[in-house]
Amino acid sequence: MSTKSAPTSDIKEVSQVFSTILVLDFGSQYSHLIIRRLREINVYAEMLPCTQKISELPFKPTGVILSGGPFSVYEEGAPHVDHEVFKLNVPILGICYGMQELAWINGKGFGCLTMIN
Numbered sequence: 001m002s003t004k005s006a007p008t009s010d011i012k013e014v015s016q017v018f019s020t021i022l023v024l025d026f027g028s029q030y031s032h033l034i035i036r037r038l039r040e041i042n043v044y045a046e047m048l049p050c051t052q053k054i055s056e057l058p059f060k061p062t063g064v065i066l067s068g069g070p071f072s073v074y075e076e077g078a079p080h081v082d083h084e085v086f087k088l089n090v091p092i093l094g095i096c097y098g099m100q101e102l103a104w105i106n107g108k109g110f111g112c113l114t115m116i117n
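Put into structure tokens, the structure is as follows:
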């Protein structure tokens, strides 16, 4: 029994065949869950570190999710996303730290509410 395999030149990366959501991971414990839930609803997603250079991506994502993480954007040494992500002209969703990052990059502040009894 002979099996023929496709020439390697015919093999394409999944992200080149299907629309792909890019999840930039800031260290959230939920990043893998986000990927799994997207794939469960038949949306292909790839998770890469938040330090990923957008110019080095082998594909153009159809959307970007900035995950949460254990940081504050005001901390010294806090990770920040490559600003080229905003030139992709795709929807961007920030979750937890990712939302702080979006506000911080756009010059907006955020803060805590102090409860007064």
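Residue numbers (the numbering used here): 1 to 117. Every residue, glycine too, gets a C-beta built ideally from N, C-alpha and C.
Check	Outcome
So if DSSP puts Tyr-44 in a beta bridge, which residue, or which two residues, is it bridged to?	Thr-20
Would DSSP call Ile-92 helix, strand or coil?	strand
Expressed to the nearest angstrom, what Euclidean distance is found between the alpha-carbon atoms of Phe-18 and Ser-67?	22 Å
Can you list the beta strand (DSSP E) stretches of 3 or more residues lying completely in the stretch 33 to 78, in chain order?	44 to 49 and 63 to 66
Hey, out of Met-99, Phe-71, Gln-29 and Glu-13, whose CA is closest to Ile-65's CA?	Met-99
Tell me where the alpha helix (DSSP H) around Glu-101 begins and ends.	97 to 105
Would you kindly check if the distance between the Cβ of Val-73 and the Cβ of Glu-40 is under 7 Å?	no
Might you give, ordered along the chain, the residues of its own chain that have their beta carbon closer than 8 Å to the beta carbon of Tyr-44, omitting 5 neighbours on each side?	Val-14, Ser-15, Phe-18, Ser-19, Thr-20, Ile-21 and Leu-38
Under the DSSP definition of a beta bridge, which residues are partnered with Asp-25?	Pro-49
Beta-carbon separation of Leu-24 and Val-81 under 7 Å?	yes
What would DSSP say about His-80, mapped onto helix, strand or coil?	coil
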